[in-house]
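One structure below.
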Amino acid sequence: MNHVLLRMTLRLSRWAIVGWISFLVLYSFLIIWIYPLLAENEGMALYVQSMPEEVLNTIGLTPEIVDDLFAEGGFSFEGWLATEYLAWWPIMVGIYAFMFCSGIVAREAERGTMELLLSQPVSRSRIVSSKLLGFLVIIAMIIAGSLIGIILSLPLVDVGLDLWRVFLVLAQAGMLVGVIATYSTLVSSLVMDPRKAMTISGGLMAFSYILNLLAPALSGMDWILRFSLFSYFKPFEIMLHGNFSLQTAAVYLILIIVFFVTSLIVIERQKAVVQ
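With numbering that gives the first Met the number 0 as the guide, the letters of the sequence shown map in order to residues 0 to 274.
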């Protein structure tokens, strides 16, 4: 790792970091602010509970989760936060991840700045690892900002909230985004074209998300879910029951390591970086 490149990555991304944290803080503020208006809405409970199981699956819910969401008669605050904010968090930040990381190598190669970096006493793998680590630090900063935003918004509602569970959901979501970031870096190293890399990386994320939505509705084909990154993300289990899946953490961490190491191997063998 090169500390100069790490600091440069963070410095160049400072306004993007501020923008994403501000957006997520404002979004959490909005979601928490409107909760009291809908918490006791029996019509919403009846509407959701009357949905066919296939329809619930397409929005990431099951009859069991729905029963837990409305166990106290109205929409529980934990369930509301999980449904309207936390379940969407990795999708929103994942978009930033593939947009950023698909250009880690490809954009530098296209601009010719990779040649400039390689003229210094630093290896290709160190360049990639420093920039990718910089983005992982950015993910941690966004997680912290999101948690702070939720804490600052709590005075808007007169309910309690287990902040440890919120942190666990954000940590699990952060690992999912880390997988998206590392496979996007690998695609960037293989394709060497920022537009193609972004298209492929974004397409893979969209395919994984759609697969997670549709697979439960396909009778006898639940095994397909194992190929969706989003199927391992369990915000409702954590928020409603406090169950943090170590299996999910292991899957995400293993994938991060595999994609990261493979990216370094590919970039060291990639002769097209320097023309």
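For glycine and all other residues, C-beta sits at the position ideal for the given N, C-alpha and C.
All of these numbers come straight from a predicted model, not from anything done at the bench.
- Tyr208 sits close to Ser227, with the two beta carbons spaced by under 9 Å.
- Here Gln171 has Phe232, Lys233, Pro234, Ile237, Phe243, Ser244, Thr247, Ala248, Tyr251 as same chain residues with Cβ atoms under 8 Å from its own Cβ, once five neighbours each way along the sequence are excluded.
- Within 10 angstroms of the beta-carbon of Val17 lie fewer than 16 other beta-carbons, which makes it exposed.
- In the DSSP annotation of this structure, the continuous segment of the alpha helix (DSSP H) that includes Tyr208 starts and ends at 193-213.
- Contact between the region 252-261 and the region 176-184 is present: 3 or more CB-CB pairs across the two stretches fall below 8 Å.
- By the Cβ rule, the region 171-180 does not count as touching the region 148-162, because fewer than three pairs are nearer than 8 Å.
- Membership of Phe166 in the alpha helix (DSSP H) is indicated by the continuous run 162-190.
- For Lys130, the enclosing alpha helix (DSSP H) stretches over residues 123-152.
- Using a Cβ-Cβ distance cut-off of 8 Å, the region 200-207 and the region 138-145 are not in contact, since fewer than three pairs of beta carbons, one from each stretch, lie closer than that value.
- Annotated three-state conformation of Ile16 is helix, per DSSP.
- In this structure, Ser122 lies away from Met197, with their beta-carbon atoms at least 9 Å apart.
- Put simply, of Ala86, Ile126, Arg10 the residue whose alpha carbon is nearest the alpha carbon of Glu267 is Ile126.
- Collapsing the DSSP output to three states places Ser244 in coil.
- Per DSSP, the continuous alpha helix (DSSP H) segment holding Ala96 begins and ends at 88-100.
- For Leu4, same chain residues with a beta-carbon under 7 Å away, outside a window of 5 residues either side, are Ile126, Ser129, Lys130 in chain order.
- About 10 Å separates the Cβ atoms of Gly78 and Leu85, ruling out a contact at the 8 Å cut-off.
- Between the C-alpha atoms of Ala214 and His2 there is a straight-line separation of about 43 Å.
- Around the beta carbon of Trp163, a 10 Å sphere encloses fewer than 16 other beta carbons of the protein chains shown; the residue is thus reported as exposed.
- Cβ neighbours of Phe99 within its own chain (closer than 7 Å, five residues either side excluded): Phe134.
- For Gly201, the number of other beta carbons within 10 angstroms of its own is at least 16, and it is reported as buried.
- Straight-line spacing of the CA atoms in Trp19 and Ser49 works out to 36 Å.
- The beta carbon of Leu224 sits closer than 6 Å to the beta carbons of Ala214, Ser230 from its chain, once the five residues preceding and following it are set aside; these are given in chain order.
- Sorting His240, Leu263, Ile253 by C-alpha distance to the C-alpha of Asp66 places His240 at the top.
- The beta carbons of Ile103 and Ser12 sit no closer together than 9 Å.
- With contacts defined by Cβ atoms closer than 9 Å, Phe74 and Leu37 form a contacting pair.
- Annotation: Ala96 to Arg6 spans about 18 Å, alpha carbon to alpha carbon.
- DSSP, reduced to helix, strand and coil, places Val156 outside both helices and strands of the structure shown, so it counts as coil.
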